Amino acid sequence: PRVQEFSFPSMVSLGDRVAVVCFVMQSTKDQSVRITWTKNGHEIETGDRISISALSDFASTLTVRQIRVEDVGNYTCT
1 PRVQEFSFPS MVSLGDRVAV VCFVMQSTKD QSVRITWTKN GHEIETGDRI SISALSDFAS
61 TLTVRQIRVE DVGNYTCT
């Protein structure tokens with residue numbers, strides 16, 4: 001399987017809410033997929049401001065509420 005490229009909005013301000021969707025493309029439905037979100041190489045922990053939800057077996061949404069300076073980083077999904 002491979003992941004479709006995603007991007008964050010180009011302009012984000014402190015306090016904003018941002019949601020990004022990760023889609024996994026695969027050749028067969030028989031393969032099971034586990035989507036993992038990471039920030040700077042570390043698995044993201046969910047909490048009051050950060051949530052991860054499955055849209056389907058092949059899509060996941062990362063939502064960050066009330067953006068803070070410490071939210072800046074390199075986000076990936078695998």
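No gaps in the numbering here: position 47 of the sequence shown is 47 in UniProt numbering, and each next residue is one more.
Glycine included, every Cβ here is placed at the ideal spot set by N, Cα and C.
Note that the structure is a prediction, hence the values are computed from the model and not measured.
- Taking all protein chains shown into account, Leu62 has 16 or more neighbouring C-beta atoms within 10 Å of its C-beta and is therefore buried.
- Put simply, of Thr76, Gln66 and Val72 the residue whose alpha carbon is nearest the alpha carbon of Gly15 is Gln66.
- For Thr38, the enclosing beta strand (DSSP E) covers residues Trp37 to Lys39.
- In this structure, the alpha-carbon of Ser51 lies about 11 Å from that of Val20.
- Taking the C-beta atoms as reference points, Gln26 is found no nearer than 9 Å to Phe6.
- Nearest Cα to Gly41 within the set Val18, Thr76 and Gln4: Thr76.
- Per the DSSP secondary-structure output, Glu45 pairs with nothing in a beta bridge.
- Straight through space, the alpha carbons of Asp71 and Ile44 are spaced by roughly 11 Å.
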